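Chains as they are written, first to last, in the working numbering: chain E, 25 to 305; chain Z, 25 to 305; chain Y, 25 to 305. In this text, a Cβ means the ideal position worked out from N, Cα and C, and glycines have one as well. Being a predicted model, the structure only gives us computed values, none of them experimental. Below is one structure, written out as structure tokens; the observations come after it.
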Amino acid sequence: ADVDGTGAAAAATATDAPAAPEGEYTTLIVERKENGVVVATMNRPAKKNAISMDMYLELQRVMAETAADPKARALVLTGKGDWYSSGNDLSNFTENMPAGGPGEMAKNAAALLKGFVASFIDFPLPLIAAVNGPAVGIPVTTLGLCDFVYASHTATFETPFTRLGQSPEACSSVVFPRIMGRARANEVLLAGKKLTAAEACEWGLVNEVFSSTDFKAQVAARADAVAALPPQSMRLSKELINSTQQAELHAVNAAECVLLQERWVSDECMGAIMAFMSRKK
Amino acid sequence: ADVDGTGAAAAATATDAPAAPEGEYTTLIVERKENGVVVATMNRPAKKNAISMDMYLELQRVMAETAADPKARALVLTGKGDWYSSGNDLSNFTENMPAGGPGEMAKNAAALLKGFVASFIDFPLPLIAAVNGPAVGIPVTTLGLCDFVYASHTATFETPFTRLGQSPEACSSVVFPRIMGRARANEVLLAGKKLTAAEACEWGLVNEVFSSTDFKAQVAARADAVAALPPQSMRLSKELINSTQQAELHAVNAAECVLLQERWVSDECMGAIMAFMSRKK
Amino acid sequence: ADVDGTGAAAAATATDAPAAPEGEYTTLIVERKENGVVVATMNRPAKKNAISMDMYLELQRVMAETAADPKARALVLTGKGDWYSSGNDLSNFTENMPAGGPGEMAKNAAALLKGFVASFIDFPLPLIAAVNGPAVGIPVTTLGLCDFVYASHTATFETPFTRLGQSPEACSSVVFPRIMGRARANEVLLAGKKLTAAEACEWGLVNEVFSSTDFKAQVAARADAVAALPPQSMRLSKELINSTQQAELHAVNAAECVLLQERWVSDECMGAIMAFMSRKK
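So, in structure tokens, the structure goes:
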């Protein structure tokens with residue numbers, strides 16, 4: 025349906041992806057401050073905040089709710105404990121096998137991913153990532169779709185797509201080269217180089233690095249400052265900055281999901297995931 | 025008329041904006057050197073070289089005259105005194121109220137701005153900014169449309185759009201992310217971060233930083249070197265580099281002016297400007 | 025024929041440019057390692073590895089052969105001796121004058137260049153440049169089309185187009201501004217600034233710089249690591265990253281070659297080349 029990539033995220037979500045659950049959040053801690061700053065903390069510290077199916081849906085939901093809240097001014101994404109997030113929870117692949125087998129699982133996962141990334145592309149308020157520790161995979165690539173990225177000096181950034189037989193997602197295939205240039209983006213996306221916080225800052229993926237003791241306070245100060253600026257001016261300026269590439273990003277997101285759906289059922293990917301799971305046992 | 029953004033600056037100016045005055049320059053010092061280097065110095069030092077209505081028109085005029093001069097090889101823009109330029113002179117808004125009120129004033133200002141920025145987009149010779157001191161607002165955003173940018177170590181760079189209820193102009197909404205990456209551009213354009221000369225150089229907005237004692241001589245040496253290169257090769261190479269984005273930049277300029285016209289009559293902007301004016305009294 | 029820039033390199037080569045010779049390589053040393061790494065070493069050290077007509081064709085040929093080799097995993101380009109390459113061998117212009125005179129020579133050279141650059145744009149495997157020493161002209165501009173660029177600390181990077189009455193090629197007119205920002209790209213492309221290895225690395229044209237004693241081993245380790253990654257994932261990820269700009273790059277390549285064909289018969293260019301040749305005698 026979203027062939028030309030211009031479809032809104034909401035529409036894509038409504039038709040292609042599972043509905044977000046209502047009620048209490050189970051994988052996030054969501055805090056709404058008086059000044060309009062909303063903080064969503066990924067809350068599976070025992071699993072290094074790996075993104076389970078539920079967390080994918082709840083992150084989309086907190087973005088949708090914040091976008092619709094007239095009092096909201098900014099959304100901060102962060103992680104509980106030592107990690108920001110270790111990325112896609114591999115049990116999503118192994119524990120939720122549908123009747124249709126791997127092919128149907130890959131199709132469902134691609135639809136989920138497409139809606140999830142679309143939420144980042146279309147989020148209308150300042151989106152602030154507070155990377156409190158190591159990040160692997162999609163928590164890294166989605167940083168290119170955030171407006172401000174702050175990192176603790178303990179943070180690292182790694183996207184081991186090729187090693188796992190996969191391919192870039194969250195529009196990183198176009199956004200990362202634009203941020204850091206082609207050669208550096210290839211080191212991250214193709215060769216799987218793990219960046220330190222200092223390197224990610226030097227390459228423009230991260231705005232500022234703080235010591236971990238200072239991190240929460242520094243990020244809060246910056247989020248509060250952003251929230252205090254005239255809200256219409258902020259929202260319309262962000263919309264203006266995004267306007268020239270929004271349709272392109274939806275098209276890239278769609279193309280990336282098509283490729284990943286194929287990759288997930290490839291021998292290279294299945295072999296790499298099985299090797300990874302068996303090493304963990 | 026310029027719906028698709030492909031109209032030439034000359035056409036846009038002829039139909040939309042006031043004609044440039046002829047005769048002596050009153051807000052600029054214009055010096056034409058033997059070797060083809062033209063230096064235009066903003067000359068309102070008592071007003072920190074704030075850009076009055078007349079200066080907008082005279083800057084456009086010096087660009088048009090230099091573009092048409094077969095002996096010209098490069099244009100240097102700089103400021104008299106300690107400041108490069110403090111940006112749009114707010115008295116443009118308060119002292120020139122037309123019969124049609126704020127709505128008409130905003131419409132006129134948007135037409136003026138669009139023609140002014142189009143002159144930068146279409147300028148055919150090397151355009152060199154010599155940022156001799158602090159710069160605020162449109163003197164900063166137009167740097168992204170210059171070919172070479174040199175800064176004194178006393179220069180600073182600030183675009184407080186959102187704080188004043190406004191939004192980015194001079195194509196900075198697309199040009200700044202391309203120069204420095206999205207996260208850094210947002211710090212400047214959305215959060216109003218003031219850059220030092222060293223930061224602006226590190227982020228690629230500025231080519232080189234010189235001590236203020238050395239500044240004039242260093243810039244002159246570089247302008248002279250550029251003017252000594254084969255002129256056809258220089259002009260055609262610049263045209264080639266610009267060709268892929270010129271139509272896009274005119275479209276972005278138009279969209280930015282539409283938004284600013286709305287912003288200027290918004291409560292957020294009017295309130296911010298009144299607060300600013302009353303603090304100055 | 026390639027008006028819209030979407031033509032494949034192969035097609036462009038077949039119709040526009042001379043066929044690559046078969047048999048032994050005469051200007052390159054081509055080494056095919058067991059692990060799929062192919063190393064092509066420009067081998068005219070007495071001429072600073074200047075690119076003769078034969079070397080243009082043999083570089084295209086080694087790219088075509090490697091692209092078609094199912095066992096190949098990556099291609100490394102490097103130079104024999106102290107230089108990476110001094111660029112276009114000017115004897116191509118002076119010793120191969122066809123019956124049709126300079127106009128026909130320029131037309132042939134533009135066709136050759138277009139096919140050569142198209143080989144870089146379309147190369148499907150990781151393309152690694154190992155810049156072992158100074159590089160001038162097209163060996164520099166093609167770096168923007170490589171996936172990984174490593175430099176010896178003895179390497180320098182210079183593109184003196186305007187000084188020689190010429191204009192940018194190898195898509196550098198769009199690729200260089202994207203890598204390093206507009207102001208820095210203009211210093212290189214318009215003003216002919218010679219970059220050190222450290223500067224090229226800081227500006228994102230180069231991934232890493234190594235001491236010359238260590239250079240070969242460090243590059244080999246990185247090429248081997250890339251070659252060891254899942255090959256389908258690598259190839260498809262590179263294709264994904266390139267997909268959004270491949271048609272545009274072919275169009276830019278075509279436009280650059282049109283301009284260069286004109287430049288090569290201009291008084292500015294002919295005068296500059298004659299002055300250069302007479303200085304060498």
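Separation of residue j from residue i, as counted between CA atoms
{"i": "E286 (chain E)", "j": "E280 (chain Y)", "result": "37 angstroms"}
{"i": "A296 (chain E)", "j": "N120 (chain E)", "result": "19 angstroms"}
{"i": "N210 (chain Z)", "j": "K95 (chain Y)", "result": "45 angstroms"}
{"i": "W288 (chain Y)", "j": "G127 (chain Y)", "result": "9 angstroms"}
{"i": "T102 (chain Z)", "j": "A215 (chain Z)", "result": "26 angstroms"}
{"i": "V282 (chain E)", "j": "L114 (chain E)", "result": "19 angstroms"}
{"i": "V100 (chain Y)", "j": "A130 (chain Y)", "result": "30 angstroms"}
{"i": "N132 (chain Z)", "j": "V250 (chain Z)", "result": "37 angstroms"}
{"i": "M294 (chain Z)", "j": "T166 (chain Z)", "result": "24 angstroms"}
{"i": "P158 (chain Z)", "j": "K104 (chain Z)", "result": "12 angstroms"}
{"i": "P45 (chain Z)", "j": "L149 (chain Z)", "result": "Model confidence at P45 (chain Z) stands at a pLDDT of 49, short of 50, so the residue's coordinates are unreliable; what they give is reported in the following sentence. Spanning the two alpha carbons is a distance of roughly 22 angstroms."}
{"i": "E232 (chain Z)", "j": "E55 (chain E)", "result": "45 angstroms"}
{"i": "N277 (chain Y)", "j": "N59 (chain E)", "result": "52 angstroms"}
{"i": "A91 (chain Y)", "j": "A299 (chain E)", "result": "30 angstroms"}
{"i": "L284 (chain E)", "j": "T51 (chain E)", "result": "25 angstroms"}
{"i": "L273 (chain Y)", "j": "A275 (chain E)", "result": "19 angstroms"}
{"i": "F181 (chain Y)", "j": "G124 (chain E)", "result": "56 angstroms"}
{"i": "F239 (chain Z)", "j": "N156 (chain Z)", "result": "7 angstroms"}
{"i": "V212 (chain E)", "j": "K138 (chain E)", "result": "22 angstroms"}
{"i": "L169 (chain Z)", "j": "V199 (chain Z)", "result": "8 angstroms"}
{"i": "V63 (chain Y)", "j": "M66 (chain E)", "result": "47 angstroms"}
{"i": "K217 (chain E)", "j": "P201 (chain E)", "result": "14 angstroms"}
{"i": "L219 (chain E)", "j": "V164 (chain E)", "result": "10 angstroms"}
{"i": "L253 (chain E)", "j": "A135 (chain Z)", "result": "27 angstroms"}
{"i": "I313 (chain Z)", "j": "N266 (chain E)", "result": "The first residue shown for chain Z is 25 and the last is 305, placing residue 313 (chain Z) beyond what the model contains."}
{"i": "D106 (chain Y)", "j": "S196 (chain Z)", "result": "43 angstroms"}
{"i": "Y80 (chain E)", "j": "N116 (chain Z)", "result": "51 angstroms"}
Beta-carbon gap between residue i and residue j smaller than 7 angstroms
{"i": "T186 (chain Y)", "j": "S261 (chain Z)", "result": "yes"}
{"i": "I162 (chain E)", "j": "A194 (chain E)", "result": "yes"}
{"i": "M87 (chain Z)", "j": "S143 (chain Z)", "result": "yes"}
{"i": "I145 (chain Z)", "j": "N112 (chain Z)", "result": "no"}
{"i": "L179 (chain E)", "j": "A221 (chain E)", "result": "Per the sequence presented here, residue 179 (chain E) reads as Ala, with Leu not at that position. For A179 (chain E) and A221 (chain E), yes; Cβs fall inside 7 angstroms."}
{"i": "E292 (chain Z)", "j": "S257 (chain E)", "result": "yes"}
{"i": "S191 (chain E)", "j": "L264 (chain Y)", "result": "yes"}
{"i": "Y49 (chain E)", "j": "E82 (chain E)", "result": "yes"}
{"i": "F147 (chain E)", "j": "Q84 (chain E)", "result": "no"}
Amino acids of chain E, ordered along the chain, whose beta-carbon sits closer than 9 angstroms to that of residue i
{"i": "I292 (chain Z)", "result": "Note on identity: in this sequence residue 292 (chain Z) is Glu, with Ile being the wrong assignment. Within chain E, the residues near E292 (chain Z) are P254, P255, Q256 and S257."}
{"i": "A296 (chain Z)", "result": "P254 and S257"}
Strand pairing of residue i, partner residues [DSSP]
{"i": "G47 (chain Y)", "result": "DSSP lists no partner for G47 (chain Y)."}
{"i": "A74 (chain Y)", "result": "In the DSSP output, where bridge partners are listed per residue, A74 (chain Y) has none listed."}
{"i": "V173 (chain Z)", "result": "Z:A153"}
{"i": "L101 (chain E)", "result": "E:A64 and E:A153"}
{"i": "S109 (chain E)", "result": "E:A159"}
{"i": "T180 (chain Y)", "result": "Y:T220"}
{"i": "R56 (chain Z)", "result": "Z:V62"}
{"i": "F234 (chain Z)", "result": "Z:S176"}
Contacts of residue i in chain Z (Cβ-Cβ under 8 angstroms)
{"i": "P201 (chain Y)", "result": "R202 and I265"}
Neighbour list for residue i in chain Y, Cβ cutoff strictly below 7 angstroms
{"i": "Q190 (chain E)", "result": "S257"}
{"i": "S197 (chain E)", "result": "L264 and I265"}
9 angstroms Cβ cut-off: residues of chain Y touching residue i
{"i": "P150 (chain Z)", "result": "N210, L214 and A215"}
{"i": "E223 (chain E)", "result": "Those within 9 angstroms of E223 (chain E) in chain Y number zero; the least Cβ separation is about 12 angstroms."}
Within chain E, the residues that residue i reaches when beta carbons sit closer than 7 angstroms
{"i": "L283 (chain Z)", "result": "L260 and L264"}
{"i": "V250 (chain Y)", "result": "A215"}
Interface residues of chain E facing residue i [CB-CB closer than 8 angstroms]
{"i": "L229 (chain Y)", "result": "G205 and A207"}
{"i": "T268 (chain Y)", "result": "S197, V198, E272 and V276"}
Contacts that residue i makes with chain Z (C-beta to C-beta distance below 7 angstroms)
{"i": "A247 (chain Y)", "result": "Those do not exist, as A247 (chain Y) stays about 28 angstroms from chain Z at its closest Cβ, beyond 7 angstroms."}
Contacts of residue i in chain Y (Cβ-Cβ under 8 angstroms)
{"i": "V61 (chain E)", "result": "Going along chain Y, no residue has its Cβ under 8 angstroms from V61 (chain E), so there is no contact; the nearest lies around 32 angstroms."}
Contact between the stretch 188-206 of chain E and the stretch 209-226 of chain Y: three or more CB pairs below 8 angstroms?
no
Counting Cβ pairs, one atom from each stretch, are 3 or more of them under 8 angstroms apart for the stretch 159-174 of chain E and the stretch 243-252 of chain E?
yes
Please identify, using Cβ separations under 9 angstroms, the residues of the stretch 164-191 of chain Z that lie next to chain C, in order along the chain.
Absent from the structure: chain C. Protein chains present are E, Z and Y.
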